[in-house]
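With our numbering applied, the sequence shown corresponds to residues 62 to 400, in that order. Taking it in order: structure first as structure tokens, then the write-up.
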Amino acid sequence: MHQWYLSYNGQQMGPLDHAAAVAQAAANPGGHCWRQGFAEWIPISACAELRAESAPGGMPVPVPPPVAMGGGQRSDVIDYKIYGEDMQFVEIELDPGESAVAEAGSMMYKDSVVNMETVFGDGAASSGGGFMDKLVGAGKRLVTGESLFTTVFSHAGGSGKAKVAFAAPYPGTIVPMTLSNYGGTIIAQKDSFLCAARGVQIGLFFQKKVMTALFGGEGFIMQKLTGDGLVFVHAGGTIVERELRPGERLDVDTGCVVAMTSTVNFDIKPVGGVKSMLFGGEGVFLATLTGPGKVWIQSLPFSRLAGRMLSAAYQKGGSRDEGSVLGGLGGILSGDRGF
């Protein structure tokens, strides 16, 4: 289980095991808490994992976080560890009967007792629901540009723990989010989802304003991640988290928006005058994020990385020698004809 650290008025407590942290949080919920996997300290009152109620005998016990999905279904509770700095992967630990769902092709390795099953949609209804439910889930993923299928990894062994790992598709940062800490919903760019606990649903989020839909950078269709469990989102480069106060606005490059809570208002605005639009290098529009809520911003959008790679790639009539004053002639003189 996790080791917890609590903070009250600048005084830190810990490490505490889960039971001790729950008891302390119940006695004094006015501080902040942190554990491995949290990007920053969060208020104890906002941490669903530390909520407690009195059980018979007066002992505090964990309270299940509020159910954010229909039908009373709750996500599996999984443990994890993130490895690496620039090219990260996440290793998930499954107890018997637990499962994780991931994008097709993202698996790095798994223990032999972990079974793989490819399913339509997001895997949230893989253990129930009819064919039409699964078809609708698959259709949602197709609209966001993802594969029709996801892969569910289940620990089918009788005892012990099993591990499965998922790797990020390009350099960046893997961000763990417990959805119940954010009202049960996160809005994310359409290619940022990596994996999650079984039970997390991957839906659609449409930009309601036409201008935002047309010029919002990542398009008007984003992913809506709902549930009460852990979800892992991948961002390019370094991730920045900002907590916006009510009415506080942050102007961001349209490609740098990774995710936001459902309370944040997403819109666009022109970068400025005609000269700024044509020669500023920042495009024509900026994304405006208005609080209250939390936003996650990436330093290296994949579109920017791909554009730089494409511009540096050898093309017919071009040169592989970056910065060469001879251009294509340099390749001929060096004997490199591009064959």
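Glycine residues also receive a C-beta, built at the ideal position from the N, C-alpha and C atoms.
Check, Outcome
"contact_flag[the stretch 298-315, the stretch 155-168] where n(CB pairs < 8 angstroms) is 3 or more", "no"
"Inside the stretch 283-355 only - alpha helix (DSSP H) runs reaching at least 4 residues", "335-340"
"For Thr315 and Ser364, the rounded distance between their alpha carbons", "11 angstroms"
"Span of the alpha helix (DSSP H), counted from its first residue to its last, around Gly368", "Phe363 to Ala373"
"Cα-Cα separation between Thr211 and Ser173, rounded to whole angstroms", "20 angstroms"
"Pro76 classed as buried or exposed, judged by whether at least 16 other C-beta atoms fall within 10 angstroms", "exposed"
"CB contact flag (Leu305, Gly354, <7 angstroms)", "yes"
"Limits of the unbroken beta strand (DSSP E) element including Gln72", "Gln72 to Leu77"
"Assigned exposure category for Tyr170 - 16 Cβ within 10 Å defines buried", "exposed"
"Minimum Cβ-Cβ distance from Val225 to chain C less than 7 angstroms", "As a matter of chain content, chain C is missing from the structure shown, which is built from one protein chain."
"Candidates Tyr231, Val261, Met321 and Val175, of which the one nearest Gly221 by Cα", "Val175"
"Three or more C-beta pairs below 8 angstroms linking the stretch 252-261 and the stretch 103-113", "no"
"For Pro90, the nearest candidate out of Asp78, Asn70 and Gln97 (CA to CA)", "Asn70"
"Rounded distance between the beta-carbons of Leu361 and Gly18, thought under 8 angstroms", "Any property of residue 18 remains undetermined from this structure, which presents the chain solely from 62 to 400."
"Residues near Lys224 in its chain [Cβ-Cβ closer than 6 angstroms; skip 5 each side]", "Glu152, Glu154 and Asp172"
"For Trp95, the first and last residue of its enclosing beta strand (DSSP E)", "His93 to Arg96"
"Neighbourhood of Tyr144 by C-beta distance below 7 angstroms, restricted to the same chain and skipping five residues each side", "Phe150 and Glu152"
"Per-residue DSSP class, three states only, for Val174", "coil"
"Contacts around Thr322, its chain only, beta-carbon distance under 6 angstroms, and the 5 residues preceding and following it disregarded", "Tyr243, Gly354 and Lys355"
"Bridge-paired residues (DSSP) for Leu155", "Ala223"
"Run of the beta strand (DSSP E) containing Cys256, from where it starts to where it stops", "Phe254 to Ala258"
"Close Cβ partners of Ala320 (< 6 angstroms) along its chain, the five nearest in sequence each way excluded", "Ile247, Ala249, Val294 and Trp357"
"Which residues DSSP lists as bridging Pro213, in chain order", "Per the sequence shown, the amino acid found at residue 213 is Val instead of Pro. Answer is Val162 and Glu178."
"Straight-line Cα distance separating Ala374 from Ile139", "42 angstroms"
"Cβ pair Ala165, Phe214 closer than 7 angstroms", "no"
"Val138 in three-state terms, based on DSSP", "coil"
"Rounded separation between Val318 and His79 - CA only", "34 angstroms"
"Nearest-angstrom Cα separation, counted from Pro232 out to Met177", "26 angstroms"
"Boundaries of the beta strand (DSSP E) in which Leu218 is found, first to last residue", "Here residue 218 turns out to be Gly, not Leu, going by the sequence shown. That residue, Gly218, is in no beta strand (DSSP E); it is neither H nor E in DSSP."
"Other residues of its chain near Lys330: CB distance less than 8 angstroms, five sequence neighbours each side excluded", "Asp312, Phe346, Leu347 and Thr349"
"8 angstroms contact criterion, which Ser136 and Phe227 should meet: CB distance rounded", "That belief does not hold up - the Cβ atoms of Ser136 and Phe227 are roughly 16 angstroms apart, past 8 angstroms."
"Where the beta strand (DSSP E) through Ala249 begins and ends", "Thr246 to Ala249"
"Buried versus exposed call for Ser372 [16 or more other C-beta atoms within 10 Å across all chains shown]", "exposed"
"Bridge partner(s) assigned by DSSP for Pro230", "Paired residues: none, contrary to the question."
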